[in-house]
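J.: Structure in structure tokens, see below.
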Amino acid sequence: MKKYNTLLAVPYFMWLIFFVLAPVLLVVGYSFFDQNGHFTLANYAEYFSSGKYLLMTFNSVWYALLITVITLVISYPTAYFLTKLKHKDLWLLLIILPTWINLLLKAYAFIGIFGVHGGLNSFLGFFGILPKQLLFTDFSFLVVAVYIQLPFMIIPLLNALDELPASFIAASKDLGASATQTFFKVVFPLSLNGVKSGVQAVFIPSLSLFMLTRLIGGNRVITLGTAIEEHFMVTQNWGKGATIGVVLILAMIVVMIFTGEKKVGGKK
Amino acid sequence: MQKSKFSWANIYLVCVFIFLYLPIFYLIFYSFNAGETMNSFTGFSLHHFSELFSDTHLVIILLNTFLLAFLSALIATFIGIFGALFIYYLKRRSHRNTLLSLNNILIVSPDVTIGASFLILFITLGTLFSGFSLGFWTVLLAHISFSVPIVVLMILPKLQEMNDSMITAGYDLGANERQILKNIILPYLSPGIIAGYFMAFTYSLDDFAVTFFVTGNGFTTLSVEIYSRARRGVSLEINALSTLVFLFALVLVVGYYYISKDNQGRSKKKKRGVLR
């Protein structure tokens, strides 16, 4: 078995070396060079001493946290109630279906809905509320981000809750636990793995939603993702962009440690 | 829980589903608008669809996007199958875990970081080899790269379920390694392989951030095109496109539902057969 397999795994190793390790090393490497190609620590010095970048980092983490918490709060009951329905697979597919529609199309829909004369403002108009500028606000950014991430939170939660044996709940009730006690002592702790993979699947991508901040958030550079895009595509200062990339990689490692390494990759 | 029964749980679910589908139906609704905005519906018309089909630029981009998804998923699946087999057959548990963590780096990294690091990689390669520039090939390489770990993760659980005595039996009956792979392992893994291919395909179709970084000037995919058009403002041609995309996704979902249901039915029958 051995010799045969090793030979066929060569492309896999080429991939590991050239497209996993090399890019990470290159990003780290570039973060130590300035625009003229001289070795420097100035990128890091500037990052950690300027209020602008620290505020941006704080903002990114704060927004990603908000997005994660809001999706979790909406998703948990959804997943919980869905496990009690008949035709579970069908409902699951209805949750998955929106994820197959391009993210940009969904963001574009909200440009229409949140516009000054758009759907939401005319809806609010029925109640006598005057049209407001909804697009290009933090509120609209949050709503769209939550909307896009929602299925990615519901799916792992649904899987985790669905695996929970019904006999556990019956046993808990037999032993005299109330519904709330059963939920907090049995159901929730046992679904924690789903919560973890959901948080992983939502939090990290939320740090880098630069297209949303551009389209919905009003073109302001408020998150690290936008800052990277700006440094690489607009100002062409790759050293600085790479520095922020390194910070994002570190943030990712922190999240991975917090959410436990046991069940990596429960993305879909 | 009966259907007719009124409950808060059902109301909650209805609200969540409305939230999930309202924006999509909003887009679809206005694709039939005779007017030019997403604000007021002035009358039914299909002229945004005819506009869409006569826009050859967009049709070519659409075909490119599908070609890219098809190719990248195919190549990633091939690489991933043998990667998963290699990881599975590693003897030391610690080696397996290390390799698996390396495998997962691209899944857990933020898109922007992947895109930026690939851009650096391709530009570096471009300075080493002349004639290597950003375009279709760099996008293809990038899409293959972020699809490989997904394929591996879809196949590994299947491998762990596999009964090793089947392979031993194959060897006992005189099969060589090639035959074992072709006649036992690959057929057994086929549900995982199909799922992996499917995932890689949808990831490729859906990707925006990575493509945006490595696409250069000559080549565009659908997401990048929508992004640049949406930045210019509302154009109902995009709505017409959304309607088609939604129908396509719906067909895929329904097809997938019936295939998976069929498989389940078959495997249940098989199990019953074994029990008897």
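Chains as they are written, first to last, in our numbering: chain P, 802 to 1069; chain W, 939 to 1214. Note that CB positions come from ideal geometry on N, CA and C, so glycine has one too.
So, P:His930 versus P:Ala880, is the Cβ gap smaller than 8 Å?
T.: By 1-based counting over the first sequence, the position of residue 930 of chain P is 129. By 1-based counting over the first sequence, the position of residue 880 of chain P is 79. According to the sequence provided, residue 930 of chain P is Ile. The question's His does not apply to it. No; because the gap between Cβ atoms is not below 8 Å, this pair is not in contact.
J.: Using the three-state DSSP reduction, which class does W:Phe979 fall into: helix, strand or coil?
T.: In the second sequence, counting from the first residue as 1, residue 979 of chain W sits at position 41. The answer is coil: DSSP assigns W:Phe979 none of H, G, I, E or B.
J.: Does any residue of chain P have a CB that is nearer than 8 Å to the CB of W:Ala1147?
T.: Here the question's residue 1147 of chain W lines up with position 209 in the second sequence. Yes, W:Ala1147 lies at the interface with chain P (some Cβ there is under 8 Å from its Cβ).
J.: Does any CB atom of chain P fall closer than 8 Å to the CB of W:Gly1154?
T.: Locating residue 1154 of chain W in the second sequence gives position 216, where the first residue counts as 1. Using a CB distance cut-off of 8 Å, W:Gly1154 does not count as an interface residue toward chain P.
J.: Compare the beta carbon distance of W:Ala891 and W:Val1152 with 8 Å and say whether it is the shorter of the two.
T.: Nothing can be reported for residue 891 of chain W: it is not among the residues displayed for chain W, which extend from 939 to 1214.
J.: I need the straight-line Cα distance from P:Gln982 to W:Cys953, nearest angstrom please.
T.: Sequence index remark: in the first sequence, residue 982 of chain P carries index 181 (1-based). Sequence index remark: in the second sequence, residue 953 of chain W carries index 15 (1-based). Going by the C-alpha atoms only, they are around 27 Å apart.
J.: Below 7 Å CB to CB, which residues in the same chain sit around W:Leu1174 once its five sequence neighbours on both sides are set aside?
T.: Working through the second sequence from its first residue, we reach residue 1174 of chain W at position 236. Hits under 7 Å: Tyr968, Ser969, Asn971, Glu974, His986.
J.: Of all the CB atoms in chain W, is at least one closer than 8 Å to the CB of P:His1073?
T.: The shown model of chain P, from 802 to 1069, leaves out residue 1073 of chain P, and the question about it has no answer.
J.: Pop quiz: W:Thr1159 and W:Ile999 are said to be a contact at Cβ under 8 Å. What is the actual Cβ separation, rounded to whole angstroms?
T.: As a working note, residue 1159 of chain W is residue 221 in the second sequence. As a working note, residue 999 of chain W is residue 61 in the second sequence. Contact flag correct, Cβ pair sits at about 7 Å.
J.: Is it true that the CB of P:Gly1042 sits closer than 8 Å to the CB of P:Ile1029?
T.: Your numbering for residue 1029 of chain P matches position 228 in the first sequence. Your numbering for residue 1042 of chain P matches position 241 in the first sequence. Result yes, Cβ atoms of P:Ile1029 and P:Gly1042 sit closer than 8 Å.
J.: Is there a Cβ of chain W sitting closer than 8 Å to that of P:Val1065, yes or no?
T.: Along the first sequence, read from residue 1 onward, the residue named residue 1065 of chain P stands at position 264. Annotation note: pLDDT 43 at P:Val1065 (below 50); position unreliable, no value reported.
J.: If P:Ile1005 sits next to W:Pro1087, beta carbons under 8 Å apart, how far is it from one beta carbon to the other, in whole angstroms?
T.: Here residue 1005 of chain P is taken as the residue at index 204 of the first sequence, counted from 1. Here residue 1087 of chain W is taken as the residue at index 149 of the second sequence, counted from 1. Not really, about 14 Å apart at Cβ, beyond 8 Å.
J.: Between W:Leu1044, W:Leu1185, W:Leu1023, which lies nearest to W:Lys1096 when the distance is taken from Cα to Cα?
T.: The count along the second sequence starts at 1 and reaches residue 1096 of chain W at position 158. Nearest option by C-alpha distance: W:Leu1023.
J.: Kindly indicate which residue of W:Gly1073, W:Thr1051, W:Gly1156, W:Leu1006 has the alpha-carbon position closest to the one of W:Asp1144.
T.: In the second sequence, residue 1144 of chain W corresponds to position 206, counting from 1. Checked all of W:Gly1073, W:Thr1051, W:Gly1156, W:Leu1006; the closest Cα to W:Asp1144 is W:Leu1006.
J.: Does the ligand MN have even one heavy atom less than 7 Å from the beta-carbon of W:Gly981?
T.: The ligand MN is not among the ligands present in this structure, which contains no ligands whatsoever.
J.: What residues in its chain sit with their C-beta under 6 Å from that of P:Gly913, if we drop five residues either side in the sequence?
T.: As a working note, residue 913 of chain P is residue 112 in the first sequence. Answer for P:Gly913: Gly919, listed in chain order.
J.: Quick one: which unbroken alpha helix (DSSP H) runs of 4-plus residues sit fully inside the region 1080-1136 of chain W? Chain order, please.
T.: 1102-1110
J.: For the putative contact between W:Ser1180 and P:Leu906, defined by C-beta atoms under 8 Å, what is the C-beta separation to the nearest angstrom?
T.: The sequence position of residue 1180 of chain W within the second sequence is 242, counting from 1. The sequence position of residue 906 of chain P within the first sequence is 105, counting from 1. Right, their Cβ atoms sit about 5 Å apart.
J.: Please report how far the alpha carbon of W:Ser988 lies from the alpha carbon of W:Val1148, in whole angstroms.
T.: As a working mapping, residue 988 of chain W is identified with position 50 in the second sequence. As a working mapping, residue 1148 of chain W is identified with position 210 in the second sequence. Their backbone Cα atoms lie some 31 Å apart in a straight line.
J.: Kindly indicate which residue of P:Lys997, P:Ala967, P:Asp939 has the alpha-carbon position closest to the one of P:Thr1060.
T.: Counting from one through the first sequence, the residue named residue 1060 of chain P turns up at place 259. Minimum Cα distance to P:Thr1060 is reached at P:Lys997.
J.: Take W:Thr1003 and list the residues in its own chain whose beta-carbon comes closer than 7 Å to its own, dropping the five residues that flank it on each side.
T.: The residue you call residue 1003 of chain W lines up with position 65 of the second sequence. These residues qualify, in order along the chain: Leu1143, Thr1159, Leu1160.
J.: Does P:Arg1021 come within less than 8 Å of chain W when only Cβ atoms are used?
T.: What you label residue 1021 of chain P is simply residue 220 of the first sequence in a count that begins at 1. So, not an interface residue.
J.: Going by beta-carbon coordinates alone, are P:Leu1025 and P:Leu1049 separated by less than 8 Å?
T.: Counting from one through the first sequence, the residue named residue 1025 of chain P turns up at place 224. Counting from one through the first sequence, the residue named residue 1049 of chain P turns up at place 248. It is a contact, given that the beta carbons lie within the stated cut-off.
J.: Could you name the residues of the region 920-949 of chain P whose beta carbon sits closer than 8 Å to any beta carbon of chain C, in the order they occur along the chain?
T.: Absent here is chain C; the protein component of the structure consists of chains P and W.
J.: Short check: CB of W:Phe1070 to CB of W:Leu1063, under 8 Å?
T.: The sequence position of residue 1070 of chain W within the second sequence is 132, counting from 1. The sequence position of residue 1063 of chain W within the second sequence is 125, counting from 1. It is a contact, given that the beta carbons lie within the stated cut-off.
J.: Where does W:Asn1042 fall in DSSP's three states?
T.: As a first step, residue 1042 of chain W must be located in the second sequence, where it is residue number 104. Reduced to three states, the DSSP call for W:Asn1042 is helix.
J.: Run down chain P in chain order and give the residues with a C-beta less than 7 Å from the C-beta of W:Phe1184.
T.: Here residue 1184 of chain W refers to the residue found at position 246 when the second sequence is read from its first residue. Within chain P, the residues near W:Phe1184 are Ile902.
J.: Listed from N- to C-terminal order along the chain, which residues in the region 1017-1028 of chain W have their beta-carbon within a distance smaller than 7 Å of any beta-carbon of chain P?
T.: Only those residues of the region 1017-1028 of chain W whose C-beta falls short of 7 Å from the nearest C-beta of chain P are listed: Ile1017, Phe1020, Gly1021, Leu1023, Phe1024, Tyr1027.
J.: So, do the region 1124-1131 of chain W and the region 1162-1177 of chain W have three or more beta carbon pairs nearer to each other than 8 Å?
T.: With a cut-off of 8 Å, the region 1162-1177 of chain W and the region 1124-1131 of chain W do not count as touching, because too few Cβ pairs lie within range.
J.: Closest by CA to W:Leu1009, which one among W:Asn1035, W:Leu1078, W:Ile1043, W:Gly1053?
T.: As a position in the second sequence, residue 1009 of chain W is number 71, starting the count at 1. Looking at the Cα atoms, W:Leu1078 is the closest of the given residues.
J.: Is P:Arg1015 buried or exposed, if buried means 16 or more other CB atoms sit within 10 Å of its CB?
T.: Taking the first sequence and counting its residues from 1, one reaches residue 1015 of chain P at position 214. Flag for P:Arg1015 reads buried.
J.: Pull up the distance between the alpha-carbon of W:Val1090 and that of P:Val987, whole angstroms please.
T.: For the purposes of this step, residue 1090 of chain W is taken as the residue at position 152 of the second sequence. For the purposes of this step, residue 987 of chain P is taken as the residue at position 186 of the first sequence. About 33 Å.
J.: Just tell me which of W:Tyr950, W:Ile1082, W:Gly1021 has its CA closest to the CA of W:Leu1040.
T.: To locate residue 1040 of chain W, count along the second sequence from 1; it is residue 102. Nearest option by C-alpha distance: W:Gly1021.
J.: Alpha carbons only, please: which of P:Ala823, P:Trp863, P:Val870 is nearest the one belonging to P:Ile1023?
T.: In the first sequence, counting from the first residue as 1, residue 1023 of chain P sits at position 222. Nearest C-alpha to P:Ile1023: P:Trp863.
J.: Which residues in the same chain have their Cβ closer than 7 Å to the Cβ of P:Trp816, if we skip the five residues on either side of it in sequence?
T.: Within the first sequence, the letter at position 15 stands for residue 816 of chain P. Around P:Trp816: no qualifying Cβ.
J.: P:Thr938: which of P:Leu894, P:Arg1021, P:Phe924 sits nearest, CA to CA?
T.: The residue you call residue 938 of chain P lines up with position 137 of the first sequence. Here the closest residue by C-alpha is P:Arg1021.
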